Structure formats: structure tokens, C-alpha cells
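To keep things clear, I will list the structure first and then write my remarks on it.
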Amino acid sequence: MSTTTPANLRLQGLHALGGAPTKSTIALAGLWFFLAIALVGSAVIVLVSLLGVRVASMAMLVEMGPAFGVGMGVLVALGALIIVFYIVYKHSRGTLFGRQLKSTGDELDKLKDDVVRDESGARDGLREAAEQLREGDAILARADDNAAREIEETLVGIKVAALVLGVKEIVAPVYSKVVTPAQPLRAQYNAKAATVRSDAAILVKRLQEGTLETLGDAPDAYAATHQPHQGGVDVADLDPTAQPGLVAATDRSRRHVPWWMILLGALLLAILVGAGITVATGAFAAATGADPTADPTSTADGASSGLVEGVDYAFLSGSGDNAAGWSCSAPITVSLMGDYPVGANATLAAAVASIGSASGLPLQLGADGTPGDITVSYLPSADVEAKGGDDGAIGVASPIIVGGSITSATVVIDEESPSNDPASYLAVLVLEHELGHAVGLDHVDHGGELMQPQLDPTLTGLGEGDLRGLQLVGC
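Here it is in C-alpha cells:
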């Protein structure tokens, strides 16, 4: 019959549409979820940067925190454009789906008319109509299930992104229009299918009785019992006494999550947990003065994780490998001059050993009262200020730098300060600080370092930034 091929072609198109895979939709949901996490992560990095918390594995990102945050904002904005285009695509797809349903219904109508006009082809036409109905209903069932799954899975990512972006009120109503265009047309299909079923039942009966006549309206009994499409309708095989029975709708209470989505979720969870631990470590370090950026494998060539020149360590002159320092070719003597408190020898020896070990410089104690390359004197507070110390300074160091090299240095310690009492552990810290200046280190403002301007009584020795600086000015 003339309408068979076009109808079949349209049904094949519907079949392809109804059975379309949803991997792309799920992937889009995963992309939006990732973008939302990235946006939150960028905000955390910006916050860490503003608070000045040092975290080894995030050092570079912390330095460029604001720029990174802006970049992530642009990325999410581009993602928003993607979802807008996706909504338009889904809307047009739903409209196309509805139109194809209508075309199929029209073909069924024409098929019924052909059956009525041609008694010789009545049985074949009736069988064709039944097949059309079966396939059309099956397509509707698959399309309903796929549409629900697509919407359900896609909204997961969209809702997360919408909440983060604060545009939930904009996204939700627009996206809700995706499935509405097909609803009225689906109702039209159901109505046409009901008419064909009714006429088919009458036709079969007339064929059996041998009284084929023009088909009339559907019997009231059939119309009263007919139910629209609800997940698929099974048409009885040319049995005029059997009514279409409803096939159980697809159970959507159980969703099989794709393995790759589980893997992606696990990966994102691992990233979040790792970032949380890293940030927490940095916050703890900032609170306690500990330094999580220590790199035990660092070498004197300047390679170190998370330590930044000018922040964690600084030099009096030059930078990096070109920082001003002592020559390594000869011993560097450190001597006490003038009067000094009891125990100062041992305190100075401990400080010299610490700085020498950290820097590799050939520091050694000289004879008391004999001028050395570095001289250490204990003087009253007024003399310390006169030597260049700030008001309240408990020590001052003055290295002489010639042509990028340190040739000599003097260190003056305030003998009146309790912190410089050799009996106090702080006395060693003060001498280490001043000897740090004597070998080329400058002050830093970062907490946890011995080279910060103010003496921190919670410190127990050199910080990681101090060690890095000493390695770079040392041998």
C-alpha cells in the first residue's frame, strides 16, 4: 500500500530518536559538577592567598590566586553558555519528537482509510496497522524512559552549577520547557491510535462475518475502556474481542550508574579530600609556626618546594645564587671582643656551629680578644643603638660587602637584655639571628623564621626559610 513505506520510514526515525544514548547528557552533567567544584576550589585558593597561608603543593597557585580565581570564573561563564545552547538543543529535539509522533498518527489515519477502501487488502492493511501501533507504542515507551533518565541525570549537574552561580531561578523554568512540546502531540497520537484500534476491532469482526461495510464510529464500550499511552500498549494480534492491555511502565526507582561516573566521582572526592588536608596543614602551620614546606631533598642550587625569596628568606645584597656571601676558600673566624657575660663563649660556640652546619661556611671560633673576620661584642643598650640598631633592638650586625662578597662583619649584643643572658635558651637564638645577618641574610616578615625582625620566644631554632637562605649564601 502507498502509505506503508513512508510510515515505516517515520517509525524508524522515531525508533532512532527514542533509543538515543544518553552518555553525552551524563557527560555534560559531570562537566557541570566538575566546573562547580573548580569554582569552589578557586575561591579557596584566593582565600588562602589573601590570608598568606603557605602550602607546599599549592605555592604557585597561591601566588597567582586572584588571577586563578578570575580565570575559573571565566571558565564557568563559558560553561553557562554551553548549557544555554544545550537547552535550545533539547527544546528543538523535543519539538521534532512531537512532530514525528504527529506524522506517524497521520500515517495511521491514511492507512485506516486505505483499508476501508480496499476490501482485498483489508487483512494485510489491518495487520500493517497493528504492527504500526505496536512499534509506535514501543517507541513512546523507550522515548519516555530515555527522556526521564536524561532529565534526571542532567539536572544533577545543572542544579549544582545553578546553585553555585546563583541562577537557579533562571535555569529551572527554561529547562522545564524541554519536555513540554511533545505532550500535546503525544495526546494526538494516542487519540489516533485509539481510533485505529477501534476501527480494527470492527473490521476484524466484519471480515469474520463476511459483512464488510464502511467503518463507523468506535463502539461506546471500546471508547469507555480505552486508556491513553502510559509507557507502552500491547495490541492483541487481530483479536477483536481483546482490548489493548497496558504494559508495565519502566521501573525508574533503580538507576544503574555508569562505571565511569563512579570513577569520576571517586576522583573528584580524592581531589577534594587532598585539597582539604593540604589547606588544613597550611592553616595549622600558620597557627603553630611550623612550616609544612620543608624539602629535605633540597640542594644549594636554589631548588626548594614552596619557599619564596623575599617571603621566606631574603638577602642583604643580590638574590638567589648571586646573593652576596663569604668566600669559601678560607676559614672564617668568629671572635668575642671586650667584656662579656659568663657563659657567652658556650652560647657563641653553639650559634657558630648551627650557622656553619646550615650554610656549609667554614666558620670557626677565634681566640677571645683577637679580632676575627666576624667580631662579637656585648655592650650597653645605648651603644647598640649607636651602632645602628633600632630603638629597643637587642642586637645588630654590620657586614661589609665589597664587589658582591662579604669581607668582614661586626655583631653587637645588648648586654642589658634578659634575652641575651647566656643562661637563657633565647641567647643562642639572638646570636644565630645576628650571625645570619653577618653571613648575608636580611629580615623577613613571615612567621616561623628566625630572621624575622622580632624575637619569637616560641621558636626553637632556624626555620625552613632560614635554612634555604643559608644554603644559598653558603658553600
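My numbering puts the first residue of the sequence shown at 577, with every later residue one more than the last. Even glycine gets a Cβ: it sits at the ideal position worked out from N, Cα and C. Here the structure is a predicted model, which means the values were calculated and not measured.
Delimiting residues of the alpha helix (DSSP H) encompassing residue i
{"i": "residue 900", "result": "Run containing residue 900: none; DSSP gives neither H nor E here."}
{"i": "residue 933", "result": "920-935"}
{"i": "residue 1031", "result": "Residue 1031 -> no alpha helix (DSSP H), and no H or E assigned at all."}
{"i": "residue 944", "result": "Residue 944 -> no alpha helix (DSSP H), and no H or E assigned at all."}
{"i": "residue 1041", "result": "1040-1049"}
Whole-angstrom distance between residue j and residue i, CA atom to CA atom
{"i": "residue 920", "j": "residue 1031", "result": "19 angstroms"}
{"i": "residue 980", "j": "residue 891", "result": "12 angstroms"}
{"i": "residue 880", "j": "residue 1044", "result": "Note on residue 880: pLDDT 45, under 50, position unreliable in the model; the coordinate value appears next. When rounded, the distance between both Cα atoms is 8 angstroms."}
{"i": "residue 1017", "j": "residue 893", "result": "8 angstroms"}
{"i": "residue 1015", "j": "residue 1034", "result": "24 angstroms"}
{"i": "residue 949", "j": "residue 1039", "result": "26 angstroms"}
{"i": "residue 1042", "j": "residue 884", "result": "11 angstroms"}
{"i": "residue 936", "j": "residue 910", "result": "15 angstroms"}
{"i": "residue 1013", "j": "residue 886", "result": "15 angstroms"}
{"i": "residue 903", "j": "residue 998", "result": "30 angstroms"}
{"i": "residue 922", "j": "residue 1022", "result": "29 angstroms"}
{"i": "residue 906", "j": "residue 961", "result": "32 angstroms"}
{"i": "residue 865", "j": "residue 1046", "result": "With a pLDDT of 46 at residue 865, under the threshold of 50, the modelled position of this residue cannot be trusted; read the value that follows with caution. If you take the alpha carbons of residue 865 and residue 1046, they lie about 19 angstroms apart."}
{"i": "residue 945", "j": "residue 972", "result": "19 angstroms"}
{"i": "residue 1037", "j": "residue 985", "result": "22 angstroms"}
{"i": "residue 895", "j": "residue 974", "result": "19 angstroms"}
{"i": "residue 959", "j": "residue 914", "result": "13 angstroms"}
{"i": "residue 572", "j": "residue 970", "result": "Any question about residue 572 goes unanswered here, given that the chain covers just 577 to 1051."}
{"i": "residue 1028", "j": "residue 947", "result": "28 angstroms"}
Extent of the continuous beta strand (DSSP E) run through residue i
{"i": "residue 1014", "result": "It is not in any beta strand (DSSP E) - residue 1014 instead sits in the alpha helix (DSSP H) that spans 1002-1014."}
{"i": "residue 971", "result": "971-978"}
{"i": "residue 940", "result": "939-941"}
Nearest-angstrom beta carbon gap, residue j and residue i [assumed within contact, 8 angstroms]
{"i": "residue 938", "j": "residue 908", "result": "6 angstroms"}
{"i": "residue 882", "j": "residue 1050", "result": "Between residue 1050 and residue 882 the Cβ distance is about 20 angstroms, and since that is not below 8 angstroms, they are no contact."}
Test item: CB-CB of residue i and residue j under 8 angstroms
{"i": "residue 889", "j": "residue 1006", "result": "no"}
{"i": "residue 897", "j": "residue 1002", "result": "no"}
{"i": "residue 1008", "j": "residue 899", "result": "no"}
{"i": "residue 982", "j": "residue 952", "result": "no"}
{"i": "residue 1010", "j": "residue 956", "result": "no"}
{"i": "residue 1065", "j": "residue 954", "result": "Not covered by the structure: residue 1065. The range shown for the chain is 577 to 1051."}
{"i": "residue 941", "j": "residue 925", "result": "yes"}
Three-state secondary structure (DSSP) of residue i
{"i": "residue 950", "result": "strand"}
{"i": "residue 990", "result": "strand"}
{"i": "residue 884", "result": "coil"}
{"i": "residue 1020", "result": "coil"}
{"i": "residue 985", "result": "strand"}
{"i": "residue 529", "result": "Since the first and last residues shown for the chain are 577 and 1051, residue 529 lies out of range."}
{"i": "residue 955", "result": "strand"}
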